[in-house]
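Working notes for the structure below.
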Amino acid sequence: MTDTETIRQRVEKLLRQAADREGTPEGATFRDKAFELMARYSIEQSQLRGDTGADSHRVGEFTVHHRGSYSDLQSRLLTHLASVLHCRAVVFRSPGRSTVDRTVVFGRRHHLDRVEVLHTALSLHLVSGATAAVTTAPGDGGHATRRRRRSWMLGFIASVTERLRTVEDSHTGDFARDGQPGEVVLLDDAALADRAMRDRFPFLRRDRRRIGALDPDSYREGVAAGERTDLGQARVAGARALPGPGGAG
């Protein structure tokens, strides 16, 4: 088993333990440990893959097949995380429907790992948090409940990704490599991801679907929940913390 597989298994175990104790101090502690480990791995891999020759342009990809309710918002969370973490994503909607079938993410491997692990952790809370926060009131039709839950999720995504953007911006310098400042390294990483995406899917079109009407109160509750969510901003081994932000447009 490689070091990468070992780390990923440890992170996944910690995140499962955090999910089992969601909303408790113990859950936050497990999530902190997971993000500390992930941050250390990400920054170290960025340095180790300082990348010369063919490796300097190597880009990977992974695909998430969305299942269950609110697949479009699960995909939205993923695309926002990808954008902030210097990756690019392509969304495939189900034919003739508003649901999303799958999302394909492109990027350097150490960035992809962060996107995948963060999405796994946050997507669990995205749906379960909205379901717990927005219950069906007497006389409230199913459509109204769904609209309020979607509003909560959109607020959560906006809040979490804005917090992550702030953290990422503050740690850009950690990715400095071979005499290049971190900002240049990360811009190059994003450009490589964009090129790989367009090579693979040359006829992309921008999705112009509208979000739809929001419930302001539910949106604000989602924002507040995102502000309370532990993003693992703990200091680690001289590298300081987890890089990772993006806006929810």
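In this note's numbering, the protein residues as written are 240 to 488. Virtual Cβ for every residue (Gly too), placed ideally from N, Cα, C.
Through-space distance from residue j to residue i, alpha-carbon basis
| i | j | result |
| --- | --- | --- |
| R203 | V354 | Nothing can be reported for residue 203: it is not among the residues displayed for the chain, which extend from 240 to 488. |
| F414 | R347 | 13 Å |
| H349 | V343 | 16 Å |
| D454 | E265 | 32 Å |
| L276 | L253 | 10 Å |
| V399 | G418 | 32 Å |
| R416 | V356 | 24 Å |
| D446 | M392 | 19 Å |
| F301 | A452 | 32 Å |
| E283 | D456 | 42 Å |
| V373 | R402 | 23 Å |
| E251 | D438 | 32 Å |
| A229 | V423 | Since the first residue of the chain shown is 240 and the last is 488, residue 229 is not available in this structure. |
| T268 | R255 | 12 Å |
| K272 | T468 | 14 Å |
Best match in the options for proximity to residue i [C-alpha to C-alpha]
| i | options | result |
| --- | --- | --- |
| I396 | A452, R327 and T318 | T318 |
| V298 | V406, V323 and A430 | A430 |
| H325 | R404, R260 and T370 | R404 |
| D259 | S367, D427 and R341 | S367 |
| Y309 | R255, L425 and R386 | R386 |
| T384 | Y458, Q256 and R255 | Y458 |
8 Å contact criterion, which residue i and residue j should meet: CB distance rounded
| i | j | result |
| --- | --- | --- |
| H305 | Q313 | 5 Å |
| G394 | E460 | 7 Å |
| V462 | E407 | Actually they are not in contact, since the Cβ atoms of V462 and E407 sit about 19 Å apart, beyond 8 Å. |
Exposed unless 16 or more other CB atoms sit within 10 angstroms - verdict on residue i
| i | result |
| --- | --- |
| L443 | exposed |
| S333 | exposed |
| S388 | The question names Ser, but residue 388 is Arg in the sequence shown. The residue is buried, with at least 16 neighbouring Cβ atoms inside 10 Å. |
| G335 | exposed |
| H410 | buried |
| S390 | buried |
| F440 | exposed |
| G292 | Only weak support is given to the placement of G292: the predicted model assigns it a pLDDT of 48, under 50, and the value that follows is read from those uncertain coordinates. Result: exposed. |
| D352 | buried |
| A369 | buried |
Beta-carbon proximity list for residue i, same chain, < 7 Å, skipping 5 on both sides
| i | result |
| --- | --- |
| L316 | H358, L361, S362, L365 and I396 |
| T245 | none |
| G477 | Unreliable placement is indicated for G477, whose pLDDT of 31 sits below 50; the coordinate value is still reported in the next sentence. If we look at G477 and ignore the five residues flanking it on each side, it has no Cβ neighbours. |
| V330 | S314, T318, V339, T342 and D446 |
| G421 | T411, G412, D413, F414 and A415 |
| I450 | L393 |
| D427 | none |
Same chain, Cβ closer than 8 Å to residue i, five either side skipped, listed in chain order
| i | result |
| --- | --- |
| R327 | A321, V344, F345, G346, A429, A432, D433, A435 and M436 |
| L425 | H325, T411 and F414 |
Near the ligand COA: residue i beta-carbon under 6 Å from a heavy atom
| i | result |
| --- | --- |
| R437 | Absence of the ligand COA is noted for the structure shown, with no ligands found whatsoever. |
Own chain residues within Cβ distance below 6 Å of residue i, not counting five before or after
| i | result |
| --- | --- |
| G307 | none |
| G465 | F395, S398 and V399 |
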